[in-house]
Structure formats: C-alpha cells, structure tokens
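Peer 1:
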Amino acid sequence: MSRPSRSVSLVLGSGGARGLAHIGVIRWLTENGYEIRSISGSSMGALVGGIYAARKLDVYAEWVSALERAHVIRLLDPTLGRSGLIKGERIIGVLRELIGDAEIAELPMSYTAVATDIESGEEVWLREGRLFDAIRASMATPLVFTPFKHGQRTLLDGALVNPLPVSPTLGDGTDLTIAVNLGGPAERRAAPPRPARANGSNVYRKRIGDFVAALRPGRASGESARGMLDLAFVSMQAMHDTIARLELAAHAPDVTVQIPRDACGYHEFWRADELIAMGRERAAQALAGLDGTDAAVQNLV
Numbered sequence: 002m003s004r005p006s007r008s009v010s011l012v013l014g015s016g017g018a019r020g021l022a023h024i025g026v027i028r029w030l031t032e033n034g035y036e037i038r039s040i041s042g043s044s045m046g047a048l049v050g051g052i053y054a055a056r057k058l059d060v061y062a063e064w065v066s067a068l069e070r071a072h073v074i075r076l077l078d079p080t081l082g083r084s085g086l087i088k089g090e091r092i093i094g095v096l097r098e099l100i101g102d103a104e105i106a107e108l109p110m111s112y113t114a115v116a117t118d119i120e121s122g123e124e125v126w127l128r129e130g131r132l133f134d135a136i137r138a139s140m141a142t143p144l145v146f147t148p149f150k151h152g153q154r155t156l157l158d159g160a161l162v163n164p165l166p167v168s169p170t171l172g173d174g175t176d177l178t179i180a181v182n183l184g185g186p187a188e189r190r191a192a193p194p195r196p197a198r199a200n201g202s203n204v205y206r207k208r209i210g211d212f213v214a215a216l217r218p219g220r221a222s223g224e225s226a227r228g229m230l231d232l233a234f235v236s237m238q239a240m241h242d243t244i245a246r247l248e249l250a251a252h253a254p255d256v257t258v259q260i261p262r263d264a265c266g267y268h269e270f271w272r273a274d275e276l277i278a279m280g281r282e283r284a285a286q287a288l289a290g291l292d293g294t295d296a297a298v299q300n301l302v
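First residue of the sequence shown: 2, per the numbering used here; consecutive thereafter.
Printed below as a string of structure tokens:
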C-alpha cells in the first residue's frame, strides 16, 4: 500500500550500543515513504544521524554488524591521563576512513549534534565544521572518553544536558517530528553471556578487557552486584531519563519511538543485528495507524 511522502525531523537519543536501534528506525521510515529532512542527535544519536546524513548508513550498518567482542576491544585506545579511560581517536579514525568526512554545511539535510560545554555547562549545538569532530564531541561520555577540544570550547557528551534533543528541530517546518528515545521502559530482557577477557601479555589489551568485563553487573560480591563503571552508567541513565522526560514535556514530538533502556549494555555493539531489528519493529509499532492504516499492513521486515 503506497502512502504520500511526509517530511520528518528525526531526533535520535543517546544510549551507547542501544543507539544501533536508530539504524532500524531510519530504515523503516525511508522504506515507508517518510522523507527525513532534519536530524538532531546526542551522543550515539549524533553518530548514527551524522552517518545517515552523509548517505553512508548502509556502509556503517554492514561494518558494525560484522563486529565481534574482540573487534570492539581492539577499537579502544586507553589513555594514561585522568580525564577519561579512552581517547576515542582510534574508533573515530576508523569511522572517518570507512565513511569519509564532510563539512556539516554540505550535508544534504539539516544536522545538529548536541554537546556540553565543560566549563559553563551550556548545551552546545554543533551545526558547522567537520562532521566527525561534531560526532566525537557529542560522544565524549564522562569516565569513558576524554573531553574533546572543538574550537575554543572543551566539550563533553551532549546527553549530560539533552539526551533527546527535540529543541534543535523546532523551527524545521517539517510535517512530523519523530523522536527515538533509548531510555524507554525496561522489559527485563535476559543479559547475554559476558564477553571473554582478552588473552596475551599485552598490558593495554588486558586493561581494556578488564574495562569491558567491568561493565557487566555481578562482578562484586556481598551487597553490591555492580561494577564501578556499571554503577556509573546506571546513575547516568537515571539522570538522562529525567532530563529526557523534561525535554519531551517541554517540546513534545509528534511520535516517540521507545527503545527499552535494558535492551543491551552500553558497550554491546556486537549485538547490532538484534538492535537494528528492534528499531525497525518499534518504529512500525509507534507509527502504526498514523495514516489510518492497520499495523498488519506496515512493513515490518
């Protein structure tokens, strides 16, 4: 069944590996006649949204779907400094080579990456300059990635101030604003087996292996069932959920696609196929009936 094209402002939220669900949402929208003209993203939402705006989403999806646990570990570059565990240069370098970089102003649609000014605490909208500089700034998760120097500002993860940035799309003039919230209600999904530790005598590799293993719950004994970083991520998730609710209350989108907050761990990028499928499914559910059609005729596959 054909439907008239509708222009969309797409808001992509933060949430680590859960952000791979954004790929499925985008694919469902484009396959069902929705024209994405504007993207606003925070953290992982800025990454997936920027890659889509550069017309390279299929390239990235194929690459990330081939990742295994060991590949994820090798993409991390530890730092001896105290401002973050990971520099982030290796993964951004790999993605620049895979996707190619571009000037944001030259992208075929409006694009905003949201970051946080480390000195003032202000929300920063990155709408010019190199695409992957904006992405790296928006993804500078505290404790994990080091802050990123962008022009005269030092920036951190946009999720600290706006994990679901609807506000940058308010002046777009599109038919619909669709937000993808990666902090949706938990569904008590079963956790996969924790990743194996890296072998060998390489000190950095062992340190990264320990870091990845520490993200999984259940490492501590006694009363605490969470590792230090896992506890930090849970705390940040609670903060992000509160801010996202305020953003949705102040600037309600037309449609919100909900991805469960427990869909996967922050670092579980090797679950790409599962998460992409979930994004497609949840987009179909959220938009079912929007044009007077029944969910059964929506394209779920």
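Heads up, the beta-carbon is just placed ideally off N, CA and C, and yes, glycines get one too.
Keep in mind it's a predicted model, so treat the numbers as computed, not measured.
Contact check, Leu-249 vs Thr-243 under 8 Å by CB: the rounded distance?
Peer 2: That pair is no contact at about 11 Å.
Peer 1: With a Cβ-Cβ cutoff of 8 Å, do Leu-21 and Ala-273 count as a contact?
Peer 2: Yes, they are a contact pair.
Peer 1: Given Pro-186, which residues of its chain have a CB within under 8 Å of its CB, disregarding the five upstream and five downstream residues?
Peer 2: Same-chain partners within the cutoff: Gln-259, Pro-261 and Arg-262.
Peer 1: Ignore the nearest five residues each way along the sequence and tell me which others in Met-140's own chain have a CB closer than 8 Å to its CB.
Peer 2: Result list for Met-140: Ser-44, Met-45, Ala-47, Leu-48, Gly-89, Phe-146 and Asp-158, in chain order.
Peer 1: Going by beta-carbon coordinates alone, are Tyr-53 and Ile-27 separated by less than 8 Å?
Peer 2: Closer than 8 Å, so yes.
Peer 1: In whole angstroms, what is the alpha-carbon distance linking Leu-99 and Asp-173?
Peer 2: Near 30 Å, if we compare the C-alpha coordinates of Asp-173 and Leu-99.
Peer 1: Starting from Leu-144, trace the beta strand (DSSP E) both ways and give me its first and last residue.
Peer 2: Run containing Leu-144: none; DSSP gives neither H nor E here.
Peer 1: Excluding five sequence neighbours on each side, which residues of the same chain lie with their C-beta closer than 8 Å to the C-beta of Ile-277?
Peer 2: Closer than 8 Å at the Cβ level, and outside the excluded window around Ile-277, lie Leu-21, Ala-22, Ile-24, Gly-25, Arg-28, Ala-62 and Ser-66.
Peer 1: Kindly identify the DSSP beta-bridge partner or partners of Asp-118.
Peer 2: Its beta-bridge partners are Leu-156.
Peer 1: Can you check whether the CB of Ser-15 is closer than 8 Å to the CB of Leu-183?
Peer 2: Taking 8 Å as the Cβ cut-off, Leu-183 and Ser-15 qualify as a contacting pair.
Peer 1: Output yes or no for whether 8 Å exceeds the beta carbon distance between His-241 and Pro-164.
Peer 2: Yes, they are a contact pair.
Peer 1: Would DSSP call Pro-186 helix, strand or coil?
Peer 2: Note: Pro-186 maps to coil in three-state DSSP.
Peer 1: Just how far apart, CA to CA, sit Ser-10 and Val-60?
Peer 2: Going from the Cα of Ser-10 to the Cα of Val-60 covers about 23 Å.
Peer 1: Out of curiosity, what's the CA-to-CA distance linking Glu-107 and Arg-189?
Peer 2: Rounded to whole angstroms, Glu-107 to Arg-189 spans 42 Å at the Cα level.
Peer 1: Give me the Cα-Cα distance between Asn-33 and Glu-129, rounded to the nearest whole angstrom.
Peer 2: If you take the alpha carbons of Asn-33 and Glu-129, they lie about 30 Å apart.
Peer 1: Considering only DSSP beta bridges, list what Thr-170 is partnered with.
Peer 2: Answer is none; Thr-170 lacks a bridge partner.
Peer 1: Just curious, the alpha helix (DSSP H) that Glu-282 is in, first and last residue?
Peer 2: Glu-282 -> alpha helix (DSSP H) spans 273 to 288.
Peer 1: Have a look at the DSSP bridge pairing and note the partners of Ser-312.
Peer 2: Outside the shown range of the chain, which is 2 to 302, sits residue 312, and nothing can be said about it.
Peer 1: For Val-162, report the span of its alpha helix (DSSP H) as first-last.
Peer 2: Element bounds for Val-162: n/a, residue is neither H nor E.
Peer 1: On the criterion of 16 or more Cβ atoms from any shown chain inside 10 Å, does Arg-246 qualify as buried, or is it exposed?
Peer 2: The residue is exposed, with fewer than 16 neighbouring Cβ atoms inside 10 Å.
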